[in-house]
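J.: Going left to right, the sequence shown walks through residues -26 to -1, 1 to 294 as mature numbering (1 follows the signal peptide of the UniProt record, and there is no 0) numbers them.
In this text, a Cβ means the ideal position worked out from N, Cα and C, and glycines have one as well.
The structure presented is a predicted model; accordingly, all values stated were derived computationally and were not measured.
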Amino acid sequence: MRDYRRPAAAAAAAAALLLAAPAATAAAMTAPPATTSYYVSMTGTRADLETARDAGCAQGRTGLDGLRVLFLGTQERGNVLRPPGTRPDTTAPRVAAARGAAVAAQWARGFTECRVSGATAVLALGVNNKSDGHVDSAAAGRAWARTVTAAARRATTDAVAVAGAVDAEPSWSSPAWARAWVDAFTSASPAPLFTMNSADGCPVYGSTSTACGNGWTVADVHYVSAGASPALVPVPQIYRTDGIQARQWANVSAWGVAHGHGPVRFGGALSQSAACAQRGCARTDNTPEQAWTQLFTELNSHEETRLDSLPYSTDMSWPR
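(1) Using CA atoms only, rank isn't needed, just tell me which of Thr17, Pro177 and Ala228 is closest to Arg68.
(2) Would you mind sorting Met290 into buried or exposed? The rule is 16 or more other CB atoms within 10 Å of its CB.
(3) Taking contact to mean 3 or more Cβ pairs, one atom from each stretch, closer than 8 Å, check whether the stretch 140 to 160 and the stretch 79 to 96 are in contact.
(4) So does the stretch 263 to 283 actually touch the stretch 210 to 224, counting three or more Cβ pairs closer than 8 Å?
(5) Rounded to the nearest angstrom, what separates Thr60 and Pro164 at their Cα positions?
(6) Smallest Cα separation from Ala113: which of Ser161, Thr36 and Ala139?
(7) By Cβ distance, which residues of its chain are closer than 8 Å to Ile218, with the 5 residues on each side in sequence left out?
(8) List the endpoints of the continuous beta strand (DSSP E) containing Ala243.
(9) DSSP on Ala135, reduced to helix/strand/coil?
(10) Are the beta-carbon atoms belonging to Arg89 and Gly37 less than 9 Å from one another?
(11) Would you mind working out which of Glu24, Gly34, Val43 and Gly254 sits nearest Asp141, comparing C-alpha positions?
(12) Put Tyr179 into one of helix, strand or coil per three-state DSSP.
(13) Give me the DSSP bridge partner(s) of Met290.
(14) From which residue to which residue does the beta strand (DSSP E) around Glu143 run?
(15) Report buried or exposed for Arg73, applying the criterion of at least 16 other Cβ atoms within 10 angstroms of its Cβ.
(16) Identify, in the order they occur along the chain, each residue of the same chain with its Cβ nearer than 7 Å to the Cβ of Val109, setting aside the five sequence neighbours on each side.
(17) Give every residue of the same chain whose Cβ lies closer than 6 Å to the Cβ of Ala124, excluding the five residues on either side of it in the sequence, and list them in chain order.
(18) Decide if Met170 is buried, meaning its Cβ has at least 16 other Cβ atoms within 10 Å, or exposed.
(19) Between which two residues does the beta strand (DSSP E) carrying Glu50 extend?
(20) Three or more C-beta pairs under 8 Å: does that hold for the stretch 171 to 190 against the stretch 224 to 236?
(21) Please name the residue in Trp190, Gly100 and Asp259 whose C-alpha comes closest to that of Val14.
(22) For Cys88, verify whether its CB is less than 8 Å away from any heavy atom of the ligand NAP.
(23) Which first and last residues belong to the alpha helix (DSSP H) in which Leu284 is found?
(24) Within 10 angstroms of its Cβ, does Ser91 collect 16 or more other Cβ (buried), or is it exposed?
(25) So for Leu38, helix, strand or coil by DSSP?
(26) Under the rule that 16 or more other beta-carbon atoms within 10 Å means buried, what is Gly107, buried or exposed?
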């Protein structure tokens, strides 16, 4: 993986944990143990903090190092968040984005109190790129950078490094909206930004097309996933059991090589088998091992996209 070191103390701590991630190399060809990441529906009550602390404790007890993501939903006007998986007309409560920093601090506290085997975590606080929240994308990116910075200051433990995350999907915004969000975040924060993105409608490896869904191109997907800044850490969605998403991401990496950017240095693979078991999915329920193996195998099937390490495997879940 690339060197993620940054001058800020929080970024330096994140870099140390990133570089200490569990090894999963080409020689081994074995998926790392999977961590659990969560969709978080905040209510603005004390229950938010208790749930976060319990979730952190549960992950600490696994004794596993690695990435965990908390997806907090959609940014809306007034610097509030709409819960994950909802539309603008939902009656679900909106909660101040600043609440995310408190949730992160409690997750880190629970992880640290309960951890075994000296486990460490990179905790990435994430939102999505749904533009139906009617916020300016650059302002939203800067605002989320402030939330991540506040979370890093409040999570006073050497066991957990706080980073940012984004779930950027072509179907949810224009490419310009997503590009501006990523640019604003990386300009406002030295923290790593984990890009947990999809490549909806993009061509697979070997195609001459560059068109993706909703007016996006492969260039757009590459930019918001890896190309915008060295701070970006791509951990793409590899949900589909037919393997097409791995082939799409191999093509994104090959596009980068062809256009002078080099291969994408992926940080891992994202699955959603736990979330599917809770709410149901059709052919998008890869296990963490299947998701990681699909991506790793596909990338190493092509000379220009090969990589030696794919450190992270994490699986999405709804609160239990």
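T.: Inspection of the coordinates gives the following:
(1) The shortest Cα separation from Arg68 among Thr17, Pro177 and Ala228 belongs to Thr17.
(2) Counting of Cβ neighbours within 10 angstroms places Met290 among the buried residues, the total reaching 16 or more.
(3) With the cut-off at 8 Å, the stretch 140 to 160 and the stretch 79 to 96 do not touch.
(4) The answer is yes - the stretch 210 to 224 touches the stretch 263 to 283, with three or more Cβ pairs under 8 Å.
(5) Straight-line Cα distance between these residues: approximately 30 Å.
(6) The residue among Ser161, Thr36 and Ala139 with its C-alpha nearest the C-alpha of Ala113 is Ser161.
(7) Result list for Ile218: Val178, in chain order.
(8) Here the beta strand (DSSP E) through Ala243 covers Gly242 to Ser245.
(9) Secondary structure of Ala135 (DSSP, three-state): strand.
(10) In this structure, the beta-carbon distance from Arg89 to Gly37 falls below 9 Å.
(11) Selected option, being the one with the closest Cα: Val43.
(12) DSSP, read as helix, strand or coil, puts Tyr179 in coil.
(13) Note: Met290 sits in a beta bridge opposite Ser11.
(14) Neither: Glu143 is in no beta strand (DSSP E) and is coded neither H nor E.
(15) By the neighbour-count rule (16 or more Cβ atoms within 10 Å), Arg73 is buried.
(16) Gln49, Glu50 and Arg51, listed in sequence order.
(17) Only Ala75 meet the Cβ criterion.
(18) Met170 is buried by the Cβ-count criterion.
(19) Per DSSP, Glu50 belongs to the beta strand (DSSP E) from Thr48 to Glu50.
(20) They touch, by the three-pair rule.
(21) The candidate whose alpha carbon is nearest that of Val14 is Gly100.
(22) Among the components of this structure there are no ligands whatsoever, and the ligand NAP is therefore not found.
(23) Secondary structure note for Leu284: it is in no alpha helix (DSSP H), with a DSSP letter that is neither H nor E.
(24) Exposed is the call here.
(25) The answer is coil: DSSP assigns Leu38 none of H, G, I, E or B.
(26) Of the other Cβ atoms in all chains shown, 16 or more fall within 10 Å of the Cβ of Gly107; this residue is therefore buried.
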